[in-house]
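Peer 1: Just so you know, we're using our numbering here: the sequence shown kicks off at 7 and counts up by one.
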Amino acid sequence: MTDRAYDKSRLKSLIHYVIWAAGARPNFGATKLYKIAWFADARRFVLSGQSITGAPYIREKHGPIPRHGMAIREELVKDGAIQQWQDRQRDFSNWKFKALVPPNVNAFTSEEKSVIDYWIKHIDEDHTAASISEQSHNYGWEIARMGEVIPFHSLLAERVREPNDEELEWAKQAVKRIRLL
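1) Tell me whether the beta-carbon of Ala113 lies closer than 9 Å to the beta-carbon of Ala87.
2) As a quick exercise: from Glu66, Phe45, Leu161, Phe34, pick the residue whose alpha carbon is nearest that of Arg151.
3) When DSSP labels each residue in this structure, what does Gly86 get in the three-state scheme?
4) Nearest to Ala11 by alpha carbon, out of Leu161, Ile58, Glu81, Pro72?
5) Using three-state DSSP, classify Phe114 as helix, strand or coil.
6) From Glu117 to Val111, what does the alpha carbon distance come to, in whole angstroms?
7) Taking Ile126 as the reference, which of Arg50, Leu174, Ile25 has the closest Cα?
8) Just how far apart, CA to CA, sit Asp123 and Leu174?
9) With respect to the alpha helix (DSSP H) encompassing Ile25, which residues constitute its N-terminal and C-terminal limits?
10) I'd like to check one pair, Lys41 with Gly69: are the Cβ atoms closer than 9 Å?
11) Check whether the Cβ atoms of Trp91 and Lys84 sit closer than 9 Å, and answer yes or no.
12) With DSSP as the reference, identify every bridge partner of Glu66, one or two as the case may be.
13) Please go through the same chain and pick out, in chain order, the residues whose beta-carbon is closer than 6 Å to the beta-carbon of Ile21, but skip the five residues on each side of it.
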C-alpha cells in the first residue's frame with residue numbers, strides 16, 4: 007500500500023472543515039482538532055490504503071499531530087477563514103477556534119466526509135482532550151521518537167486476530183517440517 011502524496015490543500019480543507027463543524031464547541035481545542043485529523047486520516051488509510059490528506063503526522067507528547075498543522079492554521083487565519091486564540095485557564099492554556107467562512111467540502115469524497123464526520127462526533131461527544139490523546143498512543147506512536155513521523159503502515163501492526171483453521175494447520179505442518187516438536 008502506498009499512501010497518497012501529501013496534499014497541502016486537502017489538509018487545509020480538513021482543518022478548516024473540522025473547525026467549521028466543531029470549533030465553537032466549549033471543550034474543543036487544538037488537541038481534539040489534531041486527533042480528529044489523525045483518526046480520520048488513519049482510519050481512511052486502514053480502510054482504503056490511502057489517507058485523506060497524505061499529511062505526515064509526527065509524535066508529540068499528547069499524541070500524533072500533523073507536521074504542518076500549526077502552519078496551516080496560521081494560513082487559514084491569514085486567509086480570513088478562521089480566528090484562533092489562546093484561552094488561558096489556571097495551569098494551562100488551550101487554543102480556541104472560530105470559522106469565519108464555510109470550508110471547501112468539495113475537497114472530499116462522500117466516503118471521506120463520512121469518516122471525518124464520524125470522528126468529529128465521536129471525539130467531541132465521547133472524549134476529553136486527555137482521553138483521546140491517550141487513545142492515540144498506539145503502536146506507531148510508541149515506536150516513534152519525539153518529532154519523528156509516524157507511518158500509517160504501523161497501524162496495520164495492531165490488527166491482530168486469532169489464526170483461522172487453515173493458518174493453524176499450516177503452522178503445525180511448518181513446526182513438524184523443521185522439527186520444533
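The C-beta atom is built at its ideal place from N, Cα and C for all residues, glycine as well.
Only a predicted model underlies this, so the values are computations on that prediction, with no experimental measurement involved.
Peer 2: This is what the structure holds:
1) No, the pair does not count as a contact, with Cβ atoms beyond the cut-off.
2) Among Glu66, Phe45, Leu161, Phe34, the Cα nearest to that of Arg151 is on Glu66.
3) Looking at Gly86 - three-state DSSP - the assignment turns out to be coil, as it is neither helix nor strand.
4) Of the candidates Leu161, Ile58, Glu81, Pro72, the one whose C-alpha sits nearest the C-alpha of Ala11 is Ile58.
5) DSSP, reduced to helix, strand and coil, places Phe114 outside both helices and strands of the structure shown, so it counts as coil.
6) One alpha carbon belongs to Glu117, the other to Val111, and they sit about 12 Å apart.
7) Closest by C-alpha distance to Ile126, out of Arg50, Leu174, Ile25, is Ile25.
8) Take the alpha-carbon of Asp123 and the one of Leu174: they are about 39 Å apart.
9) That run of the alpha helix (DSSP H) goes 14–28.
10) It is a contact, given that the beta carbons lie within the stated cut-off.
11) In this structure, Trp91 keeps its C-beta atom at 9 Å or more from the C-beta atom of Lys84.
12) Beta-bridge pairing by DSSP links Glu66 to Gly69.
13) Cβ within range, chain order: Ile78.
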